[in-house]
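Structure first, then comments.
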Amino acid sequence: MFCRKKKSPEVERVVKANDREYNEKFQYADNRIHTSKYNILTFLPINLFEQFQKVANAYFLFLLILQLIPEISSLTWFTTIVPLVLVITMTAVKDATDDYFRHKSDNQVNNRQSEVLIGGKLQNEKWMNVRVGDIIKLENNQFVAADLLLLSSSEPHGLCYIETAELDGETNLKVRHALSVTSELGEDISRLAKFDGIVFCEAPNNKLDKFMGVLSWNNSKHSLNNEKIILRGCVVRNTSWCFGMVIFAGPDTKLMQNSGKTKFKRTSIDRLMNTLVLWIFGFLICLGIILAIGNSIWENQVGDQFRTFLFWNEEAKNSVFSGFLTFWSYIIILNTVVPISLYVSMEVIRLGHSYFINWDRKMYYSGKATPAEARTTTLNEELGQIEYIFSDKTGTLTQNIMTFKKCSINGRLYGEVYDDLGQKTDITKKKRPVNFSVYPQVDNTFQFFDEGLMEAIKLGDPKVHEFLRLLALCHTVMSEENSAGQLFYQVQSPDEGALVTAARNLGFIFRSRTPETITIEELGTLVTYRLLAFLDFNNVRKRMSVIVRNPEGQIKLYSKGADTILFEKLHPSNEDLLTLTSDHISEFAGEGLRTLAIAYRDLDDKYFQEWHKMLEDANASTDERDERIAELYEEIERDLMLLGATAVEDKLQEGVIETVSSLSLANIKIWVLTGDKQETAINIGYACNMLTDDMNEVFIIAGNTAVEVREELRKAKENLFGQNRSSSNGHVVFEKKQQLELDSVVEGTVTGDYALVINGHSLAHALENDVKNDLLELACMCKTVVCCRVTPLQKAQVVELVKKHRNAVTLAIGDGANDVSMIKSAHIGIGISGQEGLQAVLASDYSFAQFRYLQRLLLVHGRWSYFRMCKFLCYFFYKNFAFTLVHFWFGFFCGFSAQTVYDQWFITLFNIVYTSLPVLAMGIFDQDVSDQNSVNCPQLYEPGQLNLLFNKRKFFICVAHGIYTSLALFFIPYGTFYNMAGEDGQHIADYQSFAVTMATSLVIVVSVQIAFDTSYWTAINHVFIWGSIATYFSILFTMHSNSIFGVFPNQFPFVGNAQHSLTQKCIWLVILLTTVASVMPVLAFRFLKVDLFPTLSDKVRQWQKAQKKARPPRTRKAQTRRSSSRRSGYAFAHQEGYGELITSGKNMRAKNPPLTSGLEKTLYNSTNWIENLCKKTTDTVSSFNQDKLVKL
């Protein structure tokens, strides 16, 4: 394996069926996948290399080497090597554990079984043993093992139905077609074994929706496209069996090509710590140089007088060399400014925060029994600094479930609920839905609350009947019955399923279809309509129509589509009804519902025959065929009679709107990156309140060339910044790298709310070097950005663009394989679990089941993690500067001899025993405000975005605080000990008493300081803080006892000193004076700061304390309503081409296959987000009204 030549980049793939020997000469990858980072041989070198990329680890390794040199070592080597090995081992074990689970996941996938045609018969093989060119048999509900060319299936005309939830999070079925020449192979094993076709196709790539290739077989060539390919990660549905030929395997599959490379992510605090460690090391060198110079001077002027007593060889002693050795000795002594325990403590705190996320019951989704999971433990505080969120749409913001909510028929609105006084009311859980049990084959998941529609049906209202008849006839839905006679619909788009299901429950049941007929059951009577023509949907027409002949011989055209298009086709006699229906549609749109207009036309038999003849001629023509067909469709779809409109709800995930609103208040910008088309993305933007009709303008960038895109961006910038700013030479701007970093001053010049919508082909041009900076500048000025029809690679490019040029912390959230590259590119990647796709979860840093949990993850856990980590670091640097710099002051009084001021055991135990647990308790448990107030007041999140709680300025303040404390700790005891006598009249100013007094003062000062720093007290904080002081005294008296000195006389020289010193009242007075002098100035400053210049956090904390004493006032629930914006229901997943598929009969079943489990999705009732949001908003405003904290 080590001698294998490096494979050249693949340009074209050539695959021969059933010929492994032929395919092996191309060295194609096998079907084994690897998502792990290490193996047994590479773990140690790679992991150590990663760990020593941390400046601190390299720094401690350097110190360890110094301590092994006896001439300069003033501390024993074990004080550094033990904690260093501990940290590296803990990190290595954690990394190994994470990678073990990756290996386990890989093995689970690689060992799945698949039926492979080998040697003329089907054999069970593990996925990892599948090779390119193999023919595989798949059965219903099986996962696809590799990227396959569909050869044949159990369905007519070689159709195969697949579900792509693993790839894109969408659960609606998609259709794949086998070539007619291969579909004839069927399931004949002997014929399949003889199949020797050769496929010439594109090289492996990550484009999920594109494939180009040619099949050469039996001296003929057949074109291949994406409709002939089944990708790895799909699930076969509604298809008893199918056979496919492996084209791409393992890492070459489009699923794995989209997974991207696993990146080593580090937080901004980690990067800042690297810089600070370098600064501190420079600071230590300066201190070492000062003390080394002092030692050289002292040796030269004073040290000579002591050589006789110290038995030094006068010839070997040199003051310069002594200073050199002293420099390194002081570097070792002063290294505790950044102790290794700092990094141990940071890892423990992050681990604790991760467990809090895992254990949070408010982020547990009971619907799928899915808890939130922190899949990494190193990024928690970054969750408190997010500025940009990049979100997928389908499966992330939406459930991809459509439900029929309301309708307007002949000017009357159905779907509203009224009370006894005739007043419109909200639908509550107590309200019972309409009972549809009078009709057979009802869908029990469908709910409708207006009895008026049922009464109109029973009374035989002809317009209502015609309306429902249209819904049952004008669609592309396929039906099937299981062995129990239950009817199931196979829908190509969920919005059509919602309309057909509504008609079904209201008595007009779509039963079956053939290429020539449609059979429905009208109020218990089977009626068969002859299908004369199918006028298919496309993005330009934005409507679809069917022309049918009823049993009475009448010809009817039924049409449904976007109201803006269909209203132009109406007969003039519909003017009054049009006004009423238009008002109803505006009302529906104002409630966030998707609307469709419904109309029909009676056709004359002779006119239709003439039109149909022209349509046949147009279909047969080769010149301008599409244009001629479109003109004929336009001609017959006129003078329509309006029936009404439908209102369908695209079910957002529960709490999406509240979450988006709350995150917006936290100054987090949300960009939607979706593979769906433009209309869909815009509709979801309106539904989530990201887009509103109150916005000044929504810029739509849809240019097809780089020139067009640049011009559209320029015009949009003119609207934002004015003519002068935008008319400057763009190329000059691009060349100035400094202008890429857009500051808040520029953002402040934009008044009003703007949104940007850009599609995939325009984005491809906008991401080019000479245009991308204009795109970034415009996008960052907009409140909302929606990118539609984007590829997985473009998603990652957009994230990288913002990361690189905005220097902002980014978060990507998605649920499909098409989101993996985006998730890996962002600082934080979140996978939505609980859906059927798991690729996003496996690549993510955090996962949970619902988008709404993002609010709690960021505003509570993220904010707390950032707050706690910053507080921990501030205290830790303060504590260790105070502890270490005492050695520097002592150097001026000990002849710069590198003598330690403390007992060596105290130096060893200070950070790992005496002061470790209190700071850990604060770092893990502390909180400034409660979780509920963190959610209610999203503005509390902004300090993290602005990096206010720990930065270089804060670091210097902590250093200054530590220096002041070290001065008090040294000079107050030194001054009081000078010529001081004890109570017995004896002199007590010896070195050991001085060391004990200073050490005791230090432990008490830092313990009192952390008590003042703690905002949220728990029993653990009390035990750790006061217990640490008790532990210090118990260890102190033990180590100074006669018994331990008798066993280890060389290691414990301070025999009896603690008992002697700490029984003196004057010593305790010195300790008290030192503590007061160290703590009181800081306490006074903080009191004045909170009183005179309180932060938002201070105000909320004061209010929180007041609320504990008084019951919060009750608030009235208010109802909010979004402004109107018409949007067509056809903006959803409907695709062109299904009309031709239906009329050709290719998707008609010869017999019913076995029923697929899992096709019917459970609809979960969501709580009323409006009431929740209003309640929280009202509570917050009433609570902080006097201080004007919140402005919603």
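Residue numbers for the sequence shown follow this note's numbering, beginning at 32 and rising by one. Note that the Cβ used here is the ideal one computed from N, Cα and C, for glycine as well.
Asked                                                                                                                                                         : Found
Rounding to the nearest angstrom, what Cα-Cα distance links ASN1088 and THR1031 in this structure?                                                            : 13 Å
Candidates SER961, ARG659 and ASP654: which alpha carbon is nearest LYS644's?                                                                                 : ARG659
For TYR1063 and LYS1096, I'd like the C-alpha separation in whole angstroms.                                                                                  : 19 Å
According to DSSP, is GLU666 helix, strand or coil?                                                                                                           : helix
With the cut-off set at 8 Å, would you say LYS1177 and HIS506 are in Cβ contact?                                                                              : no
Under three-state DSSP, which class holds ARG1152?                                                                                                            : Residue confidence is low: ARG1152 scores 47 on pLDDT, short of 50, so the model does not pin down where it sits. Its coordinate-derived value is still stated next. ARG1152 falls in the coil class under three-state DSSP.
Assuming the contact rule is C-beta atoms closer than 8 Å, ALA529 and MET377 should be a hit. Round their C-beta distance to whole Å, please.                 : Not confirmed; about 51 Å, so no contact.
Between PRO1185 and PHE83, what straight-line distance do the alpha-carbon atoms span, to the nearest angstrom?                                               : In this prediction, PRO1185 scores a pLDDT of 43, lower than 50, which makes its location untrustworthy; no coordinate-derived value is stated.
Under the assumption that THR677 contacts CYS438 (Cβ atoms under 8 Å), give the Cβ distance between them as a whole number of angstroms.                      : 5 Å
Can you say whether ASP20 is buried or exposed, counting buried as having 16 or more other CB atoms within 10 angstroms of its CB?                            : Outside the modelled stretch of the chain, which goes from 32 to 1223, sits residue 20, for which no answer is possible.
Should the segment 280-290 be called in touch with the segment 952-961, which here means at least 3 C-beta pairs below 8 Å?                                   : no
Suppose you measure from the CA of ALA913 to the CA of PRO1004; what does that come to, to the nearest Å?                                                     : 15 Å
From the DSSP output, in three-state form, read off ILE1201 for me.                                                                                           : Residue placement at ILE1201 is flagged as unreliable, the pLDDT there being 36, under the threshold of 50; the coordinate-derived value follows with that caveat. In the structure shown, ILE1201 sits in a helix (DSSP, three-state: H, G or I).
Go to ALA827, then tell me how far its alpha helix (DSSP H) extends in each direction, as first and last residue.                                             : 823-837
Can you tell which of LEU322, ASN411, GLU547 and TYR374 has its C-alpha closest to the C-alpha of GLY383?                                                     : ASN411
Going straight from the alpha carbon of ARG745 to that of ALA827, what length do you get?                                                                     : 24 Å
According to the neighbour-count rule (16 or more other Cβ atoms, all chains shown, within 10 Å of its Cβ), is ILE96 buried or exposed?                       : exposed
Could you give the C-beta distance for ILE363 and GLN98, rounded to a whole number, given that I count them as a contact under 8 Å?                           : 6 Å
Helix or strand or just coil, what does DSSP make of ILE316?                                                                                                  : helix
So does the segment 319-330 actually touch the segment 880-895, counting three or more Cβ pairs closer than 8 Å?                                              : no
Classify MET1011 as helix, strand or coil using the three-state DSSP reduction.                                                                               : coil
Can you name, in chain order, every residue of its own chain whose Cβ lies under 6 Å from the Cβ of GLY862, other than the five neighbours on each side?      : ALA871, VAL872, SER875 and SER878
Could you tell me how far apart the beta carbons of VAL821 and LEU794 are, in whole angstroms, since I believe they sit closer than 8 Å?                      : 6 Å
Between which two residues does the alpha helix (DSSP H) containing PHE1116 stretch?                                                                          : 1096-1123
Any beta-carbon of chain C closer than 8 Å to the one on ILE551?                                                                                              : Here there is only one protein chain, and chain C is not present.
Nearest-angstrom Cα distance between GLU977 and ILE440?                                                                                                       : The sequence as given places Leu at residue 977; Glu does not occur at that position. Roughly 54 Å separates the two Cα atoms.
Under three-state DSSP, which class holds ILE938?                                                                                                             : helix
Tell me ILE261's beta-bridge partners as DSSP assigns them.                                                                                                   : LEU179
Comparing C-alpha positions only, which one of ARG669, PHE519, PHE941 and VAL571 sits nearest to SER590?                                                      : ARG669
Going by beta carbon distance, what residues of the same chain come within less than 8 Å of VAL100, once the five residues before and after it are set aside? : Strictly speaking, residue 100 in this sequence is Ile, with Val absent from that position. Result list for ILE100: TRP359, in chain order.
ASP962 and VAL1034 - do their beta-carbons sit closer together than 8 Å?                                                                                      : no
TYR1047 and HIS992: beta carbons closer than 8 Å?                                                                                                             : no
Would a C-beta distance cut-off of 8 Å place VAL368 and VAL86 closer than the cut-off?                                                                        : no
Looking at ASP635 and GLN585, is the spacing between their C-beta atoms short of 8 Å?                                                                         : no
Counting C-beta neighbours from all protein chains within 10 Å, is the total for TYR1009 16 or more, i.e. buried, or is it exposed?                           : exposed
If I measure Cβ to Cβ from VAL379 and keep anything under 7 Å in the same chain, skipping five residues before and after, which residues do I get?            : LEU951
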